[in-house]
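Asker:
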Amino acid sequence: MSDAWPNGQPQVGDTAEMSRTIGPTDIRLFTQISGDRNPLHYDAEAAESSQFGEIVVQGGITSAVLNAVVAEKLPGPGTVFLNVNWNFTAPARPGDTLTGWVRVDAVRDDKPITELTTTVTRDDGTTVLEGTAVCYTMAMPGSTS
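First residue of the sequence shown? That's 1 in the UniProt record's numbering, and the numbers climb one at a time after it.
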């Protein structure tokens with residue numbers, strides 16, 4: 001194991017996932033934090049008249065499920081995204097349970113950097129986000145590694 005890895009070096013092929021059910025409070029809080037006041041996210045009448053036909057969850061909420069996976073599970077605490085390349089392939093809606101999934105595709109031995117395949121799926125099996133990410137994992141004060 002490399003000394004560069006604060007949480008133990010992940011291996012190519014390792015996977016992790018986490019799920020979260022998205023509700024109206026999540027949309028309201030994300031709107032407040034981000035300033036994203038697009039009516040598609042909170043105005044039912046406007047959203048119903050769109051091609052989506054109903055409220056659509058912000059992409060930032062959809063991708064945030066992946067933030068949780070990489071920070072909590074794989075690669076783990078102290079991990080930040082260096083680069084992401086994500087395609088949003090279908091809408092997520094309030095009430096959907098979103099599952100973020102990551103797979104380690106490459107690991108550097110000299111630095112705590114991983115390349116990941118990433119997806120987010122709805123509870124009906126539809127992929128709503130797919131792509132790749134590069135992450136850096138730093139030692140956290142007080143961590144036991």
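All residues carry an ideal CB built from backbone N, CA and C; glycine is no exception. These numbers were taken from a predicted model, which means no experiment stands behind them.
#1: Could you give the C-beta distance for T114 and P24, rounded to a whole number, given that I count them as a contact under 8 Å?
#2: Taking L129 as the reference, give the member of I61, V104 and I33 with the closest Cα.
#3: Taking the beta carbon of F30 as the centre, do at least 16 other beta carbons fall within 10 Å, making it buried, or is it exposed?
#4: N83 CB to nearest chain D CB: under 8 Å?
#5: Give me the DSSP bridge partner(s) of M18.
#6: For V12, tell me which candidate among V134, T132, L116 and G76 has the shortest Cα-Cα distance.
#7: M1 to V107, Cα distance in whole Å?
#8: Quick one: Cα of P141 to Cα of P6, how far?
#9: According to DSSP, is A71 helix, strand or coil?
#10: Within its chain, find whatever has a CB closer than 7 Å to the CB of R93; leave out the 5 residues flanking it on each side and keep chain order.
#11: Have a look at F81, T132, I27 and W101 and flag the residue whose alpha-carbon is nearest the alpha-carbon of E17.
#12: Tell me the residue span of the beta strand (DSSP E) that contains I113.
#13: Ends of the alpha helix (DSSP H) at E48?
#14: Taking the DSSP output, what are the residues bridged to A133?
Answerer: Taking the definition as stated:
#1: Taking the first residue of the sequence shown as 1, we reach residue 114 at position 114. Taking the first residue of the sequence shown as 1, we reach residue 24 at position 24. The C-beta distance from T114 to P24 rounds to 34 Å, too long to meet the 8 Å contact threshold.
#2: On the sequence shown, residue 129 is found 129 positions in, with the first residue counted as 1. Measuring from the Cα of L129, the nearest candidate turns out to be I61.
#3: Here the question's residue 30 lines up with position 30 in the sequence shown. F30 should be labelled buried.
#4: Looking for chain D here will not work: only one protein chain is present.
#5: Indexing the sequence shown from 1 puts residue 18 at position 18. Beta-bridge annotation (DSSP): M18 is paired with G100.
#6: The residue you call residue 12 lines up with position 12 of the sequence shown. It is L116 whose Cα lies nearest to the Cα of V12.
#7: Reading the sequence shown from its first residue, position 1 is the one you call residue 1. Reading the sequence shown from its first residue, position 107 is the one you call residue 107. Any reading at M1 needs caution, since the residue's pLDDT is 43, under 50, leaving its predicted position unreliable; the model's value is listed next. In a straight line, the C-alpha of M1 is about 12 Å away from that of V107.
#8: Counting from one through the sequence shown, the residue named residue 141 turns up at place 141. Counting from one through the sequence shown, the residue named residue 6 turns up at place 6. Pairing P141 with P6, the inter-Cα distance amounts to about 10 Å.
#9: For the purposes of this step, residue 71 is identified with residue 71 of the sequence shown, where counting begins at 1. In the structure shown, A71 adopts helical secondary structure according to DSSP, grouped into three states.
#10: Translated into the one-based positions of the sequence shown, residue 93 becomes position 93. Result list for R93: E54, I55, V56 and V57, in chain order.
#11: In the sequence shown, the residue the question calls residue 17 occupies position 17. Per the Cα distances, W101.
#12: For the purposes of this step, residue 113 is taken as the residue at position 113 of the sequence shown. Here the beta strand (DSSP E) through I113 covers I113 to T121.
#13: Stepping through the sequence shown from its first residue, residue 48 is reached at position 48. A44 to E48 is the span of the alpha helix (DSSP H), which, as asked, contains E48.
#14: For the purposes of this step, residue 133 is identified with residue 133 of the sequence shown, where counting begins at 1. DSSP lists V84 and L116 as the bridge partner or partners of A133.
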